[in-house]
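If you read the protein sequences in the order shown, they are chains W and H. Heads up: the first sequence runs through residues 2 to 399, numbered per the numbering used here. Heads up: the second sequence runs through residues 2 to 399, numbered per the numbering used here. Glycine included, every Cβ here is placed at the ideal spot set by N, Cα and C.
Number of protein chains: 2
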Amino acid sequence: MSADLALPARLLMGSGPTNPDPRVLRAMATGLVGQFDPAFTALMGETQELLRQVFRTRNRSTFPVPGTSRAGMEAAVVSLVEPGERVVVVENGRFGLLFEEIARRAGAEVTVVRTPWGKPVDPDDVRRALDAAPAMAVLVVHAETSTGAMNPVREVAAAAHRQGVAVVVDAVCSFAGAPLETDAWELDVVVAGTQKCLGCPSGLAPVTYSDAVAARMARRRSPIRSNYLDLTQLDRYWSPERLNHHTAPTTMVYGLREALRIVLEEGLDARIARHRCAGEAMAMGLAALGLELFGQPLGPGKMPMLAPVAVPEGVDDAAFRARLLEAHGVEIMGAFGALAGRVWRIGSMADNARPAPVLRTLGALGDTLGGRARGMVPDALTAAGRRFDALARAAAPA
Amino acid sequence: MSADLALPARLLMGSGPTNPDPRVLRAMATGLVGQFDPAFTALMGETQELLRQVFRTRNRSTFPVPGTSRAGMEAAVVSLVEPGERVVVVENGRFGLLFEEIARRAGAEVTVVRTPWGKPVDPDDVRRALDAAPAMAVLVVHAETSTGAMNPVREVAAAAHRQGVAVVVDAVCSFAGAPLETDAWELDVVVAGTQKCLGCPSGLAPVTYSDAVAARMARRRSPIRSNYLDLTQLDRYWSPERLNHHTAPTTMVYGLREALRIVLEEGLDARIARHRCAGEAMAMGLAALGLELFGQPLGPGKMPMLAPVAVPEGVDDAAFRARLLEAHGVEIMGAFGALAGRVWRIGSMADNARPAPVLRTLGALGDTLGGRARGMVPDALTAAGRRFDALARAAAPA
Numbered sequence: 002m003s004a005d006l007a008l009p010a011r012l013l014m015g016s017g018p019t020n021p022d023p024r025v026l027r028a029m030a031t032g033l034v035g036q037f038d039p040a041f042t043a044l045m046g047e048t049q050e051l052l053r054q055v056f057r058t059r060n061r062s063t064f065p066v067p068g069t070s071r072a073g074m075e076a077a078v079v080s081l082v083e084p085g086e087r088v089v090v091v092e093n094g095r096f097g098l099l100f101e102e103i104a105r106r107a108g109a110e111v112t113v114v115r116t117p118w119g120k121p122v123d124p125d126d127v128r129r130a131l132d133a134a135p136a137m138a139v140l141v142v143h144a145e146t147s148t149g150a151m152n153p154v155r156e157v158a159a160a161a162h163r164q165g166v167a168v169v170v171d172a173v174c175s176f177a178g179a180p181l182e183t184d185a186w187e188l189d190v191v192v193a194g195t196q197k198c199l200g201c202p203s204g205l206a207p208v209t210y211s212d213a214v215a216a217r218m219a220r221r222r223s224p225i226r227s228n229y230l231d232l233t234q235l236d237r238y239w240s241p242e243r244l245n246h247h248t249a250p251t252t253m254v255y256g257l258r259e260a261l262r263i264v265l266e267e268g269l270d271a272r273i274a275r276h277r278c279a280g281e282a283m284a285m286g287l288a289a290l291g292l293e294l295f296g297q298p299l300g301p302g303k304m305p306m307l308a309p310v311a312v313p314e315g316v317d318d319a320a321f322r323a324r325l326l327e328a329h330g331v332e333i334m335g336a337f338g339a340l341a342g343r344v345w346r347i348g349s350m351a352d353n354a355r356p357a358p359v360l361r362t363l364g365a366l367g368d369t370l371g372g373r374a375r376g377m378v379p380d381a382l383t384a385a386g387r388r389f390d391a392l393a394r395a396a397a398p399a
Numbered sequence: 002m003s004a005d006l007a008l009p010a011r012l013l014m015g016s017g018p019t020n021p022d023p024r025v026l027r028a029m030a031t032g033l034v035g036q037f038d039p040a041f042t043a044l045m046g047e048t049q050e051l052l053r054q055v056f057r058t059r060n061r062s063t064f065p066v067p068g069t070s071r072a073g074m075e076a077a078v079v080s081l082v083e084p085g086e087r088v089v090v091v092e093n094g095r096f097g098l099l100f101e102e103i104a105r106r107a108g109a110e111v112t113v114v115r116t117p118w119g120k121p122v123d124p125d126d127v128r129r130a131l132d133a134a135p136a137m138a139v140l141v142v143h144a145e146t147s148t149g150a151m152n153p154v155r156e157v158a159a160a161a162h163r164q165g166v167a168v169v170v171d172a173v174c175s176f177a178g179a180p181l182e183t184d185a186w187e188l189d190v191v192v193a194g195t196q197k198c199l200g201c202p203s204g205l206a207p208v209t210y211s212d213a214v215a216a217r218m219a220r221r222r223s224p225i226r227s228n229y230l231d232l233t234q235l236d237r238y239w240s241p242e243r244l245n246h247h248t249a250p251t252t253m254v255y256g257l258r259e260a261l262r263i264v265l266e267e268g269l270d271a272r273i274a275r276h277r278c279a280g281e282a283m284a285m286g287l288a289a290l291g292l293e294l295f296g297q298p299l300g301p302g303k304m305p306m307l308a309p310v311a312v313p314e315g316v317d318d319a320a321f322r323a324r325l326l327e328a329h330g331v332e333i334m335g336a337f338g339a340l341a342g343r344v345w346r347i348g349s350m351a352d353n354a355r356p357a358p359v360l361r362t363l364g365a366l367g368d369t370l371g372g373r374a375r376g377m378v379p380d381a382l383t384a385a386g387r388r389f390d391a392l393a394r395a396a397a398p399a
């Protein structure tokens with residue numbers, strides 16, 4: 002009744018997932034070993050060490066939560082925050098709203114610092130909120146993929162620490178694609194994603210947290226409400242104790258490890274520079290097509306790996322994206338809430354933060370927009386190509 | 002710093018995961034499409050229809066939870082049960098204890114019906130527990146993989162329904178390997194696993210539940226405490242509404258769909274008969290090696306796909322299993338709690354419920370046990386082989 006799996010080739014230039022490196026997919030087709038097999042526990046240790054390098058941390062508690070990114074966000078909140086405790090949530094997009102929802106469902110008292118969508122939060126607003134109502138944690142999204150805004154998590158952490166408050170950072174989209182310094186910035190808990198700049202399929206949420214956070218979880222007065230997302234149990238499974246918890250999604254761990262190796266073979270700094278360059282090239286090309294960037298201009302308040310642009314007057318969002326997918330095999334994303342139908346989100350992540358995918362996307366967009374935009378494609382390709390040339394020159398030996 | 006993924010070939014004859022069919026692994030290496038791509042949403046619909054056939058249900062709400070089996074168990078409990086409501090948990094093994102732990106963490110009042118490990122529950126005990134303290138749900142494990150006992154879930158459901166109480170069944174290990182009739186047995190919620198008789202890597206938990214259960218979830222007075230494991234939101238993502246929830250682990254869905262296709266190509270009844278035969282062959286072979294079955298004799302109270310045997314006097318459990326793995330590449334499992342060190346759990350699931358893996362396991366066990374058992378290997382192979390011959394004869398045209 003159902004046919005062999007046969008899917009069209011797609012260039013994934015939305016907000017994630019992106020196209021994984023073929024090495025990652027091949028690793029995921031490897032035959033299984035048991036989760037307590039010495040061959041697998043060795044792999045777990047290696048994966049944790051690779052994760053520490055990409056998180057830039059020496060945290061002992063560094064491992065993937067067995068679910069997608071929001072499983073990591075929820076695991077962090079339910080494991081750290083006890084019902085009735087207050088948290089400050091930074092909200093300037095859909096993923097800030099998700100943190101708010103998760104915290105409320107976990108029984109937390111919630112103070113929300115709201116900032117207009119597209120703008121980064123002002124750390125002073127966080128400071129004022131903490132002054133007004135003491136809290137035990139600040140929850141903040143680093144790269145707000147719903148709007149393209151980049152929050153100053155280092156400054157938010159500093160504001161929180163002045164009052165002895167821990168910061169929980171959603172770095173799902175910045176991980177392996179933008180500067181993220183867990184230890185140097187003193188981020189207490191960081192949650193990452195696999196399907197964005199890391200270039201691995203969705204299904205695991207790497208997390209890291211400090212010994213102080215681990216000690217705080219151990220000191221809770223009430224039990225963690227979840228078994229599946231209990232970081233203290235997951236930590237014991239990922240430590241030499243090897244507590245028997247879930248049946249590990251070992252195939253996902255194979256893929257994660259391979260994706261991390263690819264990051265470190267390239268070098269994390271080089272990869273971050275490549276994402277910044279590709280994001281700038283994409284933004285310049287989009288401008289040359291006559292499209293208008295939504296939110297922040299290029300710079301520290303703007304995510305490098307995601308360009309949000311205004312849907313041009315008179316263009317139907319959904320119909321346009323369906324045409325782009327059908328005719329060119331290129332996927333870009335719409336937006337949420339008040340931005341739905343009004344903003345496209347165009348990503349350049351992992352292996353797609355390179356000239357070929359960016360130029361193909363610009364060409365496909367120009368062609369699908371038709372009319373005047375079609376004639377602007379050569380300029381867009383030139384603008385983007387020049388930006389990539391500059392990166393290549395900078396990387397070339399003197 | 003880390004080498005190419007290179008893992009030893011293992012024959013997984015424990016309590017799961019088992020070795021997936023190569024078709025499943027190949028499907029999982031397929032390139033990604035976006036989760037709202039029409040090519041993927043079509044695949045979602047197909048996967049749901051395949052799941053319904055294997056669950057033997059017409060339930061609309063039939064989809065995989067994006068986590069391992071216990072994520073499905075927890076999703077069912079937290080979505081259905083409100084804090085302060087009473088549930089009856091059937092406990093005769095580690096996974097009964099897990100249901101108890103999940104229910105307590107979810108804030109439920111819990112009545113536990115305890116039965117000695119290895120024995121199936123008596124449905125009258127459930128009836129009496131419900132008489133003594135009215136509850137809103139009964140949580141019961143179908144195939145208790147920790148002990149090999151098979152609980153009479155049909156009779157437990159009947160006992161629960163006499164009082165208008167819903168039954169939540171953990172069918173993680175019985176799914177696609179033993180009779181499981183969601184609709185005919187009137188099971189209100191059923192949670193399955195992928196890594197056991199289905200033969201797919203771990204990472205998704207298929208669930209199915211009735212419209213009445215869905216209506217009850219919709220009528221809750223308090224919000225579901227989890228966002229990630231909120232079945233009402235997952236249901237809306239898996240329905241034509243396509244609510245944007247998590248970033249789907251699409252690779253896992255590719256694998257699940259392929260594994261379900263393989264089940265239905267063989268025929269669910271034929272697959273169940275094969276699992277029963279392989280389990281009997283394994284049990285007969287183990288007896289011929291002088292090993293003693295733990296718990297129930299072969300029959301309705303015993304799981305067909307898992308043989309629990311007593312660790313022989315004088316044999317060190319962990320050292321023995323390490324030797325078996327090292328010298329023969331065969332993985333079997335130890336046990337939990339009071340059974341740890343005293344019981345081995347030897348599975349024959351999915352593609353390993355066939356003559357070659359069963360005979361190889363018996364030979365490897367006999368060799369590793371050494372001494373008298375080594376000399377008994379020919380008898381063990383003969384006993385197991387004869388049982389498989391009987392299945393082949395029964396399947397042959399008259």
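### Task
Count the C-beta pairs between the region 206 to 220 of chain W and the region 279 to 287 of chain H that are closer than 8 Å, then say yes if the count reaches three, no if not.
no
### Task
Would you mind giving the Cβ-Cβ distance between W/Pro-65 and W/Val-254, rounded to the nearest angstrom? I have them listed as a contact below 8 Å.
7 Å
### Query
Do you know whose CA, among H/Thr-42, H/Ala-150, H/Thr-112, lies nearest H/Ala-134's CA?
H/Thr-112
### Query
Roughly how far, in whole angstroms, is the beta-carbon of W/Val-91 from the beta-carbon of W/Val-139, given that I think they are within contact range, below 8 Å?
7 Å
### Query
Since W/Leu-12 contacts W/Thr-362 with CB under 8 Å, what's their CB separation in whole angstroms?
7 Å
### Query
Hey, is W/Tyr-229's beta-carbon within less than 7 Å of any beta-carbon in chain H?
yes
### Query
Is the shortest distance between the beta-carbon of W/Gln-196 and the beta-carbons of chain H less than 7 Å?
yes
### Query
For the region 245 to 262 of chain W against the region 99 to 115 of chain W, are there 3 or more C-beta pairs whose distance is under 8 Å?
no
### Query
Helix, strand or coil: how does DSSP classify H/Ala-76 here?
helix
### Query
Going by the beta-carbon positions, is the gap between W/Ala-381 and W/Ala-308 smaller than 7 Å?
no
#### Entry: Where H/Val-410 falls: helix, strand or coil (DSSP)
With chain H running from 2 to 399 in the structure shown, residue 410 of chain H is simply not present.
### Query
Which one of H/Leu-26, H/Thr-248, H/Ala-43 has the shortest CA to CA distance from W/Ala-4?
H/Ala-43
### Message
At 4 residues or longer, what runs of the alpha helix (DSSP H) sit wholly inside the region 303 to 386 of chain W?
### Response
318 to 329, 356 to 370, 372 to 376
### Query
The beta strand (DSSP E) with W/Arg-87 in it runs from where to where?
87 to 92
### Task
Answer with yes or no whether the minimum CB distance from H/Val-34 to chain W is below 7 Å.
yes
#### Entry: Rounded straight-line distance, which links the Cα of W/Met-74 to that of W/Arg-57
19 Å
### Query
Tell me which same chain residues have a C-beta within less than 7 Å of the C-beta of W/Glu-293, skipping the five on either side of it?
Val-310, Ala-311
### Query
Exposed or buried, what is W/Glu-332 when buried is set at 16 or more other beta-carbons lying within 10 Å of its beta-carbon?
buried
### Task
For chain H, find out if any of its Cβ atoms is closer than 7 Å to the Cβ of W/Gly-68; answer yes or no.
yes
### Query
Is there at least one Cβ from chain B nearer than 7 Å to H/Ser-203's Cβ?
No chain B appears in the structure shown, which is made up of the protein chains W and H.
### Any C-beta of chain H under 7 Å from that of W/Met-253
yes
### Neighbouring residues, chain H, relative to W/Pro-250 (Cβ below 8 Å)
Thr-69, Pro-202, Ser-203, Gly-204, Met-253
### Task
Give the residues from the region 10 to 29 of chain H that approach chain W closer than 7 Å (Cβ to any Cβ), ordered along the chain.
Ala-10, Arg-11, Leu-13, Gly-15, Gly-17, Pro-18, Asn-20, Pro-21, Leu-26, Arg-27, Ala-28, Met-29
### Given H/Arg-105 as reference, the closest of W/Ser-227, W/Ala-319, W/Thr-233 once Cα atoms are compared
W/Ser-227
### Task
For W/Leu-307, return the contacting residues in chain H, with the cut-off set at a CB-CB distance below 9 Å.
Near W/Leu-307 there are no residues of chain H at all, since even the closest Cβ is about 14 Å away, more than 9 Å.
### Task
Assuming H/Leu-360 contacts H/Leu-325 (C-beta within less than 8 Å), just tell me the rounded distance between them.
Between H/Leu-325 and H/Leu-360 the Cβ distance is about 15 Å, and since that is not below 8 Å, they are no contact.
### Query
For W/Tyr-238, does the three-state DSSP call read helix, strand or coil?
helix
#### Entry: Local Cβ density within 10 Å of W/Ala-7, reported as buried at 16 or more and exposed below that
exposed
### Query
Does the separation of the CB atoms of W/Ala-30 and H/Leu-340 fall below 7 Å?
no
### Query
From this set, H/Met-14, H/Pro-9, H/Ala-10, which residue's C-alpha is nearest H/Gly-416's C-alpha?
This structure leaves residue 416 of chain H out entirely; chain H is present only between 2 and 399.
#### Entry: Presumed contact (8 Å Cβ cut-off) between W/Pro-153 and W/Pro-180, rounded CB distance
About 11 Å separates the two Cβ atoms, so there is no contact after all.
### Message
Closer than 8 Å is the cut-off here; do at least three beta carbon pairs connect the region 76 to 90 of chain H with the region 125 to 134 of chain H?
### Response
yes
### Sequence-distant residues of its chain with Cβ nearer than 7 Å to H/Asp-184 (five each side left out)
Arg-57, Thr-58, Arg-59
#### Entry: In DSSP terms, what W/Tyr-210 is bridged to
W/Ser-62, W/Val-190
### Task
Counting only the same chain and skipping the five closest in sequence on each side, list residues whose C-beta sits under 7 Å from that of H/Cys-278.
Arg-388, Phe-389, Leu-392
### Task
Could you name each continuous beta strand (DSSP E) segment of 3 residues or more that falls completely within the region 131 to 205 of chain W, going from the start of the chain to the end?
138 to 142, 167 to 171, 190 to 192
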